[in-house]
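Notes for the one structure printed next.
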Amino acid sequence: MISEHLPVLQVVVPLLAGPVCLLLRRPSANWALAASVSWITLAIAVALLVEVRRAGPIIYQLGGWAAPWGIEYRIDHVNAFVLLIVSGVSAVVLLFARASVQREINNRRINIFYTGWLLCLTGLLGMTATGDAFNVFVFLEISSLATYLLISLHPDRRALSAAFHYLVLGTIGATFILIGIALLYMMTGTLNIVDLAAHLPPVAQTRTVAVAFSFLVIGIGIKAAAFPLHMWLPNAYAYAPSAVTALLAGTATKVAVYLLLRFLFSLFGPGLSFEQYLLDKILLPLAAVGIISMSVAAIYQTTAKKLLAYSSVAQIGYMLLGISLASVTGLTATVLHLFNHALIKSALFMAMGCVVYRIGTTQLASMAGLARCMPWTMAAFVAGGLSLIGVPLTVGFISKWYLILAALERGWMWLAALVVITSLLAVAYVWRVVEVAYFRHRESCAEVAEAPLSLLVPTWLMIAANYYFGVDASLTTGVAGRAAELLFGAAP
Amino acid sequence: MTAGAIMQLALFTPLAGAVAIAVCGRRPNLRETATLVTAVLLFGLVAALVLREELTREPVVLVETLPGLSLALAAEPLGLLFALVASGLWILTSVYSIGYMRGNNESNQTRFYVCFAVSIAATMGVAFAANMFTLFVFYEALTLATYPLVTHKGNEEARQGGRTYLGLLLSTSIGFLLVALIWTWSAAGTLDFTAGGILRGKIDDSLLPWLLALYFFGIGKAALMPFHRWLPAAMVAPTPVSALLHAVAVVKAGVFTILKVTIYIFGIDLLRETDATSAMMWIAAFSLLAASLIALRKNNLKARLAYSTVSQLAYVTLGATLATAMGVMGGALQIAMHAMGKITLFFCAGAIYVATHKTEINDMDGLGRTMPFTYAAFFIAALSIIGLPPLGGSWSKWYLMLGAADAGQQVMIAVLMVSSLLNIAYLIPIPVRGFFFAGSGEPASPGVREAPLACVVPLCLTAAGSVLLFFYADPIYQLLLPITGQ
Amino acid sequence: MEALGHFNYWMVVLLMMIGLYVVIASGNLIKKIVGLNLFQTSVFILYISMGKRAGGTAPILVEGVVNYSNPLPHVLILTAIVVGVATTAVGLALAVRIYSAYGSIEEADIAEQDQSNSD
Amino acid sequence: MTGLAIAGLNKLFSAVMLFGIYSLLSAALFVALDAVDVAFTEAAVGAGISTILMLGALALTTSRQRQISWHRHGSAIAAVSVTGAVLLYGTADMPMFGDPLVPALTYVVPRYLEQSGSEIGIPNIVTSVLASYRGYDTLGEVTVIFTAAVAVAGRLGRYRAGEDGPVPGAGMAHHLILRVVTKLLLPMILLFALYVQFHGDYGPGGGFQAGVIFAAGFILYGLVFGLESVRKVVPPSVIRILCASGLLLYAGVGVVSLLLGGSFLDYDVLAEDPVSGQHLGIFLVELGVGITVAAAMISLFYAYAAYKGDTA
C-alpha cells in the first residue's frame, strides 16, 4: 500500500518532519530526525527510480482529483533522477552537518537550522516531483525562503547581506516565473504541464506565449544562476555555513536547471523552444562566455569557497551548453552533468567544510601547507578537484565526454575545443588551491589537526561516489540517456 | 596462470608494493626491501608473460565505464617490449635511487618510493592497455603520480618546474588527446587497438591529418616540439626521477602511445595511402634537429641530456610518421635502445652529482680520472645514443634509415645523418673533457673517488646492457615483427 | 474597444515596472522590499484581471446565477499573497539584522564595509 | 497612481504608508473584479500585515534613505523599460479583458463552477478549489508561512526560556481610553475571526483571513498593553507549538486520508459519503491553516517587537 504513495511521501515526509523538528529541543535530536528523514527520502527516491525504470512514468493524483482539475505528481526518468540527486546529496551532507553545524551555528538555533534544512529539502523535492506549473512556484518559494534562512544563519555578517541580495534577486526570479505562468494560463486555461503542452500549439504563434517563454526562461535562469544572472551565487555560497553550501551546490541550482529542462522540453517542446524562439542561438554564446569568464574569475579568487562558487557558475554553463546543442546527446550530457556536478561540488564543499572546521576560514593565504596537517581533507580536495577537471575514471570525465561527443556530432570543433580549454582553466584554479596546500611552507601543525572522522567519512563517501560513478557509468548514462530521449520525444 | 591473470598481477603488484612501502615508511631498510622485492617480482611477471609461447589476444575487461568504453588489458608485442624495458630498468633504478637518496639525505623518501611504485603501476597499465581509453586513463595516472616526484624538493624552483610539468602534460592530454579520443570514438564506435587500425572508411581522408595532429600533439609525453618544455622543466627533480622520466616510464609511455596510435588506431597502410603524416613528419624532423641544436648550447649536464631526449624521442615519432614497416620497427626498437642508453647517461649524471655535487659541464673537466667507471659507462651509452656499432642504438637508427628509404624520403635520411653528427657534437665532448682535460681550478686529485656502489653498479649494468642489445637484438626483432604486419 | 480591452493589462504592466524600478534603483534595503511588494501586487492584479468575466459575479454558488468570474486565479493569488508576505517578513528580518550588524541599510555603505575588511 | 509616488519618495515612512494605501486600493480593485476572497486577504495582508512589518522594520532601523545616484537611475530605467516593452508587446495578443470565451474561462474552470456543488457541497467555489481541488497548493502555502515564521524567529527571535531580557515598551497601557476600547474590541475581533474561519465555506473568508484577523487582535492587545502582558497570555513556546501543529494538522489530514485508502489529501474517504468527507476535510485543513497563520503572525510580531540589537 505504501508503494503506490511513494511519490507524495517523497515530499510529505520531510514536510511533516519540519514542524516536528522545530519542537524538539535537543540539538542531537534535531540532527537525528533530519538525518533519518533524509535517508528515508533517499530510500524513497531509489525506490521511485527503480519503479520508473521498470514500469515507466508514475502519475499520482493529489487529493484524488484528476489533472488538470487537481494537482498531479508525475515522475518519469528525468525527475526521478533529480529526486535521487537531491535526496542523496542531502542525506550525505547531513551526516557531515552534525559536527560542522555544531561548530558554526549558535547552539540555540540548531533546531531552527534543521527545520530550515528539512523545509528546503521539501521545497526542492516538491518542485521536482510536481507536474503542475503553479505548484512549482509554491514549492520554489518554500525552498527559497528556507535557503535564505539557512544562508543567513552563518554568524559572519556578510552572510546576511548575501542572503538579502539573494532574496531580492530570487524573488524577482520567482515573480518572473509567476508572470510567465499567468500568461500561459491566460492563453490555455490550464496549469498542468502536460496539459499545457497539449493546448499550446493553437496559440503557439501568439506574442503572449513568446513573452511567457522569455519570462519563464529568465526567471528560472536567475534561480539557476545562469550567466549573466548569477550575481547572487558567489557570495551566497561563500558565506553560507559549510554544510549549507555543500547542500545548495549539490541541489538548488540543479533543480532550477531541471525546471528549465521541464519547461523548455516538456512544456514548450523542442520545436517551439529552438526553432521558433531560437533559444539555442541565444543560450550558446551566453553559456560559452559564462563558462570562460567565470572560470577566469575563479582563478583570481583569494578564498577557496568563493573560487569554487565561481566554478559552479561556470559548470552550470556546461549544462546550458548541453541544452543549447539541442540534441539527444547534448541533453544527455546536461542531465548527466546535473548528477555528476552535484557529486563533485558537494564533495569539494564538504572538504572545505573540514578546513573551516579546523582553521575557521578558506582564505588561500591561511591554507598554506595545510596538507601536512590535514592530509585526508586535502587528499579529498585533490580527488574531487580531479573530478571537477574531468580526469578519466571520475564523473567529471563522463560529463565532458558526452558534451564533447555532442559538439562533435553537430560538427562544432570549436565548441569541443572550448570545453577542453575551459577544463584547463579548471586545472588552473583547482591547482591554485592544491599548490598552496601542498607545496607552501607551514610553520607547524601544532594548533591544526586533521578533521574528525564524522566530517571525513561523509566527505570521502561523496568522493567515493565520484569515482564509483566515474568508473561504472552505465547506471547514470542509462538513466540520463533515457531521460534525454523522453524530453525530446515529448515534442509535439 | 592465464596471460590475463598475469597482466592483472603486473598491474597490482606495484600498487601492493606502494602500500607496503607506505606501511614500512618508518623503517627505511624494510621499506627499500619492499621496493626491491616488488621490482623483481614485477620483472619476473613480465618476463613470464614474454616467454609464453602464444599470446591470448582476447582482452581482459576490468570494468566497463560506458557501453563500448571499458578498462581492458591485452598483451601485444609492442606493449610487452615496453613493459619488459620498464620493469627491467625499474629494478636498476630502485637500486640506484636507494644509493642516491641515501647519499644525498633527501627528505620525504617514503612519499618518493610510493609515488615511484604507483608510477610503475601506471606504466604497466599503459603498456597493457587494450584500447585507447585504458591507455588514456593510465597515461593521466602516470602524469599525476610523477608530479609529486618532480616537485620533490618543494622549493620555489621545484614548484615552478612541477607547474610547467603538470600544466603542459595535462593541457595537451585534455586539450588535444581527449578530443582526438572522443572524435575517434564518435567516428569509429570503438577505441580498441586493432591490427590494421579502426579508422579506415570511418573518417574523411582530408580530416585525417588533423586527427593525427591532435593525437601527436596531445601525447605531450612524446615531447614533440613545441610541447617539449615540460621535459627540461622537470630537470629540477632528483636524478632517479629523471631516469624514470626519460628512460623508464614517462617519455617512453609517450612515444609508445604514438606508435600504438599509428599502428592500431590509424593503421600504417591507411596513413601511407592517404599521405596524412607528411605534416607531422616535418614537425618531427624539425623537433629532432632543433632539440639537438639547443642541447649543444646547454652547459648544465642534465639540461643537455633533457634536450637530447627531446631529440631522440622525435626519432620515434619520425619512425611512426614514415608509415612504413621498417620505420615503425625502427621506432619501436628506439624505445628499448634509447631507454638503455639514456638511463645510463642519467645515472652517470646523478653519480657525478652525488660524488662531486657538480651539475655544469664546464666544471667537470678531468673528472673521468677520478670516476673512471662512471665515465666509461657514459662514453658507451653516448655512442649507443649516437647510433654507432657495436651498440644497441645502431639498430634503431639503421631501421629508421631503411624506413625512410622505403618511404622514399631522401630528405629524412639526410636529417637522420645530420642529427647523428649533432649527437656526436653534444655528447662526446663530455667524456673527452672528463678524461683528457685538466680539472679547472684545483688540480685533478689522484686516485679513484666514485659515487656509492649502489649508484655505480646499476650504471655499469645498463652500459653493458647497451652492448648486449647490439648482439642480442634479434629476439626483440622477432618479438616485434608482428606489429609491422608482416 | 481594442484599446479598452487591454487597458487593464497596460496599467498592470506600468505598475509592475514601477515596482521593478524601485527594486533595482533603490540602494535602501527596506525600499527594495517595498518595491518587491509593489511588483508582486501588480502581478496579482494581472491574475485577477484575467479571471474577470464581463457581467459575472463573485464565485460563490447562489441559486439562479450562472455567470461567475473565474475562481482559479483567485485561489492562485490567495496563495501568492501569502508567499509575498512571507518573503516580505523574511526580507525585512534580514534588513533589521543587517542594520544591527552594519549600522546601515544602504547598499553602498554595506558594500563599502565589506570591501574594507574583505578577505 | 500611488505607485509612482512611492518610487519618488525618499522618506521611507511615507513610502510605506503609501504602500498600505496602494494595497487597500488594489483590494478595492479586486472587489470590483469579483475576487472578494482575494480582496479580503489583500486588505488584511497587504494593507495590514505587510505595512505593520515594514513599519516595524523601520522602527528598528532608520527611516531616511539616501539619494539614488543618477547612474543607478539610468541602468534601472533601461532594465525596466526593456522588460516593460516586452510585456506590452505580449499584451497585444492577449484576450480581451472580461471576454467570457477565453480559454481561462472555458477549459478547466467550468468543472469547478458546475460540479463543485455536487462534488464538494459548499457554495464558495474559491474555498472548494483552494482546500480540495488544489488543496496541495494550499498545504505548500501553509508551509511557506511556517517557513517564514521559522526564518524570522531564527533571525530575530530569542525564544528559549530564560534568555528574555526586559522587554521594551510598556505599550500604551497608561492610556485609559485606549485600554477600554481595546478590551471592548478584542473579543469582537476574535469573534469575527472565528466567524470568518468557519463561515469560509459560504462567504468570503477562510482559515487564512481568520488567522490574520485573530493575530491582529493579539497584536493590538500587545501594542496597547505591552509585549510582556501579551506574552503572559500566550507564551512564545505555545505559539511555536501552535505554529507547527497547524501545519501538522493539515498534512496529517492528508496522511489519514492516505491511510484510509485514498490519495494524499483525498477527503472523500474521511467519512461515509464523499460530500461529508469533503466537508470534514475542508473544515480540518482550514482549521490547520488558521492556527498556523495566526501563530505565525503573532510570532512575527513577537520577533520584531522583542528584537533589540545584535543577537548573533
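Protein chains in written order, with the working numbering: chain A, 4 to 495; chain B, 2 to 487; chain C, -15 to 103; chain D, 8 to 319.
The C-beta atom is built at its ideal place from N, Cα and C for all residues, glycine as well.
Excluding five sequence positions before and after A20 (chain A), the CB atoms of its chain that fall closer than 8 Å to its own CB belong to L36, A37, V40 and L121, given in chain order.
Close to I266 (chain B), with beta-carbon spacing below 9 Å, lies no residue of chain A; the smallest spacing is near 16 Å. Taking 8 Å as the CB threshold, V74 (chain C) lines the interface with chain D. Within the same chain, Cβ atoms closer than 6 Å to the Cβ of S288 (chain B) are found at L225, M226 and A315, the five residues on either side in sequence being excluded. The Cβ atoms of I145 (chain A) and G129 (chain A) lie closer than 8 Å to each other. For Y471 (chain A), the secondary structure class from DSSP, reduced to helix, strand or coil, is helix. Rounded to the nearest whole angstrom, the C-alpha separation of Y321 (chain A) and V423 (chain A) is 11 Å.
The segment 142 to 149 of chain D makes no contact with the segment 123 to 130 of chain D, as fewer than three CB pairs between them are under 8 Å. CA-to-CA, the gap between N156 (chain B) and Q13 (chain A) works out to about 54 Å. In the DSSP assignment, T306 (chain A) is bridged to A:Q366.
Interface criterion not met: the Cβ of R298 (chain B) is under 8 Å from no Cβ in chain A. Taken in chain order, the unbroken stretches of alpha helix (DSSP H) that lie wholly in the segment 367 to 394 of chain A and span 4 residues or more are 373 to 376 and 378 to 392.
Distances from the alpha-carbon of K253 (chain B) to those of B:L31, B:I204, B:K222 and B:A188 put B:K222 closest. For R81 (chain C), the nearest beta carbon of chain A is closer than 8 Å to its own beta carbon.
Per DSSP, the continuous alpha helix (DSSP H) segment holding E144 (chain A) begins and ends at A136 to S155. Neighbours of I199 (chain B) across chain A, judged by C-beta separation under 7 Å, do not exist; the nearest C-beta is about 16 Å away. As computed with DSSP, R77 (chain A) is found in a beta bridge with A:I62. Residues A122 of the same chain have their beta carbon placed closer than 8 Å to that of F13 (chain B), with the five preceding and five following residues left out of the count.
L60 (chain D) is positioned such that its CB atom lies closer than 8 Å to that of Y311 (chain D).
Under DSSP, the beta-bridge partners assigned to L74 (chain B) are B:V61 and B:A130. Distance from the CA atom of R413 (chain A) to the CA atom of Y280 (chain A), rounded to whole angstroms, is 20 Å. Distances from the CA of V23 (chain A) to each of D:A155, D:L36, D:C250 and D:E49 were compared; the closest alpha carbon is that of D:C250. In this structure, the CA atom of G356 (chain A) is about 10 Å from the CA atom of E107 (chain A). When rounded, the separation of the alpha-carbon atoms in T195 (chain B) and V249 (chain B) is 26 Å. Of the residues B:A214, B:A189, B:L302 and B:Y148, the one whose Cα lies closest to the Cα of G202 (chain B) is B:A189. Contact with chain C is found for E144 (chain A), since one of that chain's Cβ atoms lies less than 8 Å from the residue's Cβ. Ranked by how close their Cα comes to the Cα of P60 (chain B), the residues B:L52, B:A130, B:T66 and B:V115 have B:A130 in first place. C-alpha of F47 (chain D) to C-alpha of A54 (chain D): approximately 10 Å in a straight line. Approximately 32 Å separates the beta-carbon atoms of T189 (chain D) and L137 (chain D); this is outside 8 Å, ruling out the contact. With contacts defined as CB atoms closer than 8 Å, I14 (chain C) and T68 (chain D) qualify as a contacting pair. Its Cα nearest to that of I113 (chain A), the residue A:L152 stands out among A:I362, A:L421 and A:L152. Among the CB atoms of chain C, none fall inside 8 Å of the CB of I424 (chain A). At a Cβ-Cβ threshold of 8 Å, V138 (chain B) and L396 (chain A) count as neighbours.
Annotation: the continuous alpha helix (DSSP H) that includes T211 (chain A) extends over R210 to A227. Apart from the 5 residues on each side of it in sequence, L368 (chain B) sits with its Cβ closer than 6 Å to the Cβ of G435 in its chain, given in chain order. Ranking B:P241, B:Q335, B:V38 and B:L70 by CA distance to the CA of G473 (chain A) puts B:L70 first.
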